[in-house]
Amino acid sequence: MTYVVTDNCIACKYTDCVEVCPVDCFYEGENMLVIHPDECIDCGVCEPECPADAIRPDTEPDMDEWVAFNRKYSEMWPVITVRKDPLPEAEARDGETGKLAKYFSEAAGEGN
Numbered sequence: 001m002t003y004v005v006t007d008n009c010i011a012c013k014y015t016d017c018v019e020v021c022p023v024d025c026f027y028e029g030e031n032m033l034v035i036h037p038d039e040c041i042d043c044g045v046c047e048p049e050c051p052a053d054a055i056r057p058d059t060e061p062d063m064d065e066w067v068a069f070n071r072k073y074s075e076m077w078p079v080i081t082v083r084k085d086p087l088p089e090a091e092a093r094d095g096e097t098g099k100l101a102k103y104f105s106e107a108a109g110e111g112n
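Residue numbers for the sequence shown follow full-length UniProt numbering, beginning at 1 and rising by one.
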């Protein structure tokens with residue numbers, strides 16, 4: 001099992017999760033985070049830290065595409081281990097549907 005970040009993170013990018021991760025397996029894109037599924041140790045401490053409820057276990061239905069998505073971008077984006085402010089539109093976008101098609105950017109974030 002692994003945890004993955006879903007589209008709920010897009011356009012919010014809360015980073016509360018990265019501070020509690022014991023293995024630093026979060027990677028930062030321009031407007032979201034992902035988890036490297038091979039580095040995640042399945043501890044689950046990140047899941048309750050996410051205000052947007054964007055972190056899910058891969059054992060839930062329809063998570064295969066999110067495992068592949070997280071793997072792809074974690075290999076392209078820099079690691080993030082320090083909490084940052086969420087995106088300015090985070091509160092307004094939290095819970096919005098269809099964010100992958102509307103807002104996702106493949107651009108890398110700054111990392112740390």
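Backbone N, C-alpha and C fix where the C-beta goes; we use that ideal spot for every residue, glycine too.
Computed from a predicted model, the values in this text were never measured in an experiment.
Original post:
On the three-pair Cβ rule with 8 Å, is the segment 41-57 touching the segment 70-84?
Top reply: no
**OP:** Consult DSSP for Arg93 and reduce its assignment to one of helix, strand or coil.
**Re:** helix
Original post:
In angstroms, rounded to a whole number, what distance separates the CA positions of Arg56 and Tyr3?
Top reply: 6 Å
Subject >> Where Leu100 falls, given that 16 or more other Cβ within 10 Å makes a residue buried >> reply: exposed
Subject >> Presumed contact (8 Å Cβ cut-off) between Cys43 and Ile35, rounded CB distance >> reply: 11 Å between Cβ atoms; not a contact.
Original post:
Taking the alpha carbon of Thr15 as the point to measure from, which residue in Asp7, Pro61, Tyr27 has its own alpha carbon closest?
Top reply: Tyr27
Original post:
Does the beta-carbon distance from Asn70 to Pro22 come in below 9 Å?
Top reply: no
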